[in-house]
Amino acid sequence: MSLTRQSSKTLVRALINAPVTKNLSSSSLFFRRHFGSRVKNPPPIRELSEPQGHKGGISTGGPKVVNTADEAVASIKSGSTVYIHTAAASPTGLTEAMVRRQDLTNMKVVHIHTEGTAPHMAPAAAGRFRTTNFFTGGNAREAINEGRADFVPVFLSEIPLLFRRGIQPVDVALISVSPPDKHGFVSLGPSVDIARAAVQVAKTIIAMVNPQMPRTFGDASIHQSHIDVMWHNDAPLYNLRDRTIGPVEDSIGKLIATELVRDGATLQMGIGGIPDAVLRYLTNHKDLGIHSEMFSDGIIDLVYKGVITGAKKTIHPGRITGGFAVGTKNLYSFMNDNPGIVMRDIAFVNSIANIVREPSMTAINSAIEVDITGQVCADSIGTRIFSGVGGQVDFIRGAGLCPDGVPIIALPSTTNKGESRIVDFLKPGAGVVSTRAHVHYIVTEFGIADLWGKSLSERARQLINIAHPNHRDRLTAAAKARHLL
805 MSLTRQSSKT LVRALINAPV TKNLSSSSLF FRRHFGSRVK NPPPIRELSE
855 PQGHKGGIST GGPKVVNTAD EAVASIKSGS TVYIHTAAAS PTGLTEAMVR
905 RQDLTNMKVV HIHTEGTAPH MAPAAAGRFR TTNFFTGGNA REAINEGRAD
955 FVPVFLSEIP LLFRRGIQPV DVALISVSPP DKHGFVSLGP SVDIARAAVQ
1005 VAKTIIAMVN PQMPRTFGDA SIHQSHIDVM WHNDAPLYNL RDRTIGPVED
1055 SIGKLIATEL VRDGATLQMG IGGIPDAVLR YLTNHKDLGI HSEMFSDGII
1105 DLVYKGVITG AKKTIHPGRI TGGFAVGTKN LYSFMNDNPG IVMRDIAFVN
1155 SIANIVREPS MTAINSAIEV DITGQVCADS IGTRIFSGVG GQVDFIRGAG
1205 LCPDGVPIIA LPSTTNKGES RIVDFLKPGA GVVSTRAHVH YIVTEFGIAD
1255 LWGKSLSERA RQLINIAHPN HRDRLTAAAK ARHLL
């Protein structure tokens, strides 16, 4: 899209003078008016918190209840685009039943990280199913890197816009929900993330109703009248394997907790050894808050010990704010009917405008490698897609704009094979997720590099100082060859 100088001024004036919209459908109309073909036909957006086809507040319709997963997916037609629910809420039984239907062809599947076997990306499904991954889990890497599935680099905060603006249509949504309450509402449980947006625009909603799904608050509620088909299936949610915190992760976690996390800070972090190690060293902190795209079991003890109180938070004070959660049965039990946890649409959680409002917003994210100027690769190993853009830039930028924010990229100094993860050049084909202009703090087990406002030569010096000693001479020589030292 090209804009003349005059049309650019018109657009800026339109943006400045645009009324604040309280609903997304109005927002879609605004963007359609001013951006033309960039926004395709915006789909109708369901108001999930209200019964569909209701009269006097009482729903006049309801879902079809079936006995098997095969019956649940019987209405799916060839050529459909199917959304699959995220992570712990992955409705694997429905996905497997869909793939078993040999009559289905020309199928497109869309999702972020899912758990389970992912039969729609198996070699046997190639030619009938093609999957678009907005974030890559372990069950998708082989298919993507062998060319049987696709990867879309996109900020996690913007994926809901793809659905709501009609750029990524959804014909069918396969989701997992809790049983309905006495008012007819089911819950998306631990995975609201992009799911709410996908469900809002889906033409058909097929739900696996699972009594083991925790009921959560916030944007998780859907009135059952919006659901077309329900299949009841009592199944454990996906659990993370036990993670061992090694000495490297422990050192990084201690550095971050003792040097960079203030009392009253609001935290964003992912899952893994480093986030768990950070949480381990926060037991003497006070009034910490959580505003994070995701969280796991590590927060539970800190809540019970009175460390995480959310007392200083601006948004949802006194409550944990998240988009999705993955952990153990203990986590899901902790989340169930817990009014102290608010699960929100990821467009809200990862909104930079919201992130900057939280006090001492401390964003802790990981990387695959960082070059000596501060460029961060977090989605690929060379050309091989490993994960995705996710919410790293949302939170690194949000924390960077927060008056007392602390944006952190943390990584071990070497790979398991001893290769340096502080490098002179990123691997050919590697993706830059966070640019060197975004980056503030880089942390390894050897220290903290503060790069914000630093020149390339100052950055190179600091990053070489936190690289593994075995690689510092080589990195120094490379920096000198580039006239950085």
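Here the working numbering runs 804 ahead of the position in the sequence shown, where the first position is 1. Even for Gly, the Cβ is constructed at its ideal location relative to N, Cα and C. Only a predicted model underlies this, so the values are computations on that prediction, with no experimental measurement involved.
Residue i and residue j closer than 8 Å at C-beta
i        : j        : result
Ala-1024 : Leu-992  : yes
Gly-1093 : Thr-1070 : yes
Phe-1199 : Ile-1159 : yes
Gln-856  : His-1030 : yes
His-917  : Gly-941  : yes
Leu-978  : Ile-1010 : yes
Pro-983  : Val-976  : no
Pro-1121 : Gly-1127 : no
Ser-777  : Val-1197 : The structure shown does not extend to residue 777, since the chain is modelled only from 805 to 1289, so the question has no answer here.
Thr-885  : His-915  : no
Val-1082 : Ile-1060 : yes
Ala-922  : Leu-898  : no
Gly-1131 : Tyr-1085 : no
Gly-1222 : Met-1165 : no
Glu-1097 : Asn-1134 : no
Gly-970  : Pro-847  : yes
Glu-1063 : Ile-1252 : yes
Gly-1195 : Leu-960  : yes
Gln-1072 : Ala-1167 : yes
Sequence-distant residues of its chain with Cβ nearer than 7 Å to residue i (five each side left out)
i        : result
Asp-1175 : Val-1227, Asp-1228, Phe-1229, Leu-1230
Asp-1038 : Asn-1014, Pro-1015, Gln-1016
Arg-1276 : Ile-1268
Ser-1261 : Leu-1288, Leu-1289
Gly-1204 : Pro-1211, His-1242, His-1244
Asp-1149 : Pro-964, Val-996, Arg-1000, Ala-1001, Asp-1023
Thr-909  : Ser-882, Arg-932
Phe-1190 : Thr-940, Arg-945, Ile-1172, Asp-1183, Ser-1184
His-1036 : Val-1013
N-terminal and C-terminal residue of the beta strand (DSSP E) that residue i is part of
i        : result
Leu-1260 : Premise fails: Leu-1260 lies in the alpha helix (DSSP H), 1260-1269, not in any beta strand (DSSP E).
Met-1034 : 1033-1036
Pro-1211 : 1210-1214
Phe-1099 : 1093-1099
Gln-1072 : 1070-1073
Leu-978  : 976-981
Ser-991  : 989-991
Thr-1062 : Here Thr-1062 belongs to no beta strand (DSSP E); instead the alpha helix (DSSP H) covers 1051-1063.
Ala-1253 : 1251-1254
Ile-1119 : Element bounds for Ile-1119: n/a, residue is neither H nor E.
Thr-1248 : 1245-1248
6 Å CB neighbourhood of residue i in its chain, flanking five on each side removed
i        : result
Gly-920  : Ser-894, Thr-896
Thr-1118 : Arg-1161, Glu-1162
Asn-827  : In this prediction, Asn-827 scores a pLDDT of 45, lower than 50, which makes its location untrustworthy; no coordinate-derived value is stated.
Lys-859  : For Lys-859, the predicted model reports a pLDDT of 46, less than 50, meaning its position is unreliable and no value from the coordinates is stated.
Ser-829  : Model confidence at Ser-829 stands at a pLDDT of 45, short of 50, so the residue's coordinates are unreliable and nothing is read from them.
Ala-930  : Arg-952
Asp-874  : Ala-901
Ile-1307 : Missing from the structure shown is residue 1307; the chain here goes from 805 to 1289 and no further.
Met-1034 : Pro-867, Val-869, Ala-1011, Val-1013
Arg-1123 : Gly-1114, Gly-1144, Val-1146
Arg-1263 : Thr-1177, Gly-1178, Leu-1255
Gln-1266 : Ala-1253
Ala-1157 : none
Range covered by the alpha helix (DSSP H) that runs through residue i
i        : result
Ile-1200 : 1196-1205
Ala-1151 : 1150-1153
Lys-1280 : Contrary to the premise, residue 1280 reads as Thr rather than Lys in this sequence. First-last of the alpha helix (DSSP H) with Thr-1280: 1273-1285.
Glu-1173 : Where Glu-1173 is concerned, there is no enclosing alpha helix (DSSP H), although the beta strand (DSSP E) it sits in stretches over 1173-1175.
Phe-967  : 963-968
Gly-1110 : Premise fails: Gly-1110 is in no alpha helix (DSSP H) and is neither H nor E.
Ile-849  : It is not in any alpha helix (DSSP H) - Ile-849 carries neither H nor E in the DSSP assignment.
Ala-1001 : 999-1005
Val-1082 : 1077-1084
8 Å Cβ shell around residue i - same chain, five flanking residues per side excluded
i        : result
Val-1236 : Gln-1179, Val-1180, Cys-1181, Leu-1230
Arg-1019 : Ser-982, Asp-985, Ser-991, Gly-993, Asn-1140, Asp-1141
Asp-1032 : Pro-867, Lys-868, Ser-879, Thr-1008, Ile-1009, Ile-1010
Val-1247 : Ile-1056, Leu-1059, Ile-1060, Leu-1064, Ile-1212, Ile-1213, Ala-1214, Leu-1215, Ala-1253, Ile-1270
Cβ separation of residue i and residue j, assumed to be a contact under 8 Å, to the nearest whole Å
i        : j        : result
Val-974  : Tyr-887  : 5 Å
Gly-1192 : Phe-938  : 7 Å
Ala-1173 : Pro-1216 : The sequence given here has Glu at residue 1173, not Ala. About 11 Å separates the two Cβ atoms, so there is no contact after all.
Asp-1067 : His-1089 : 6 Å
Asn-1186 : Ala-1234 : Residue 1186 is actually Gly in this sequence, not Asn. Rounded, the Cβ-Cβ distance is 6 Å, consistent with contact.
Check: residue i C-beta below 7 Å from any heavy atom of the ligand FMN
i       : result
Thr-936 : Within the structure as shown, the ligand FMN is missing, as the structure has no ligands at all.
Checklist entry - Hey, which unbroken runs of the beta strand (DSSP E) at 3 residues or more fall wholly within the stretch 854-921? => result 868-870, 885-888, 911-915
Next on the checklist: So within the stretch 921-954, which uninterrupted alpha helix (DSSP H) runs reach at least 4 residues, ignoring any that extend past its ends?
Outcome noted: 945-949
Checklist entry - Taking the runs of the beta strand (DSSP E) that are 3 residues or longer, which of them lie wholly in the stretch 1129-1170? => result 1145-1147, 1165-1170
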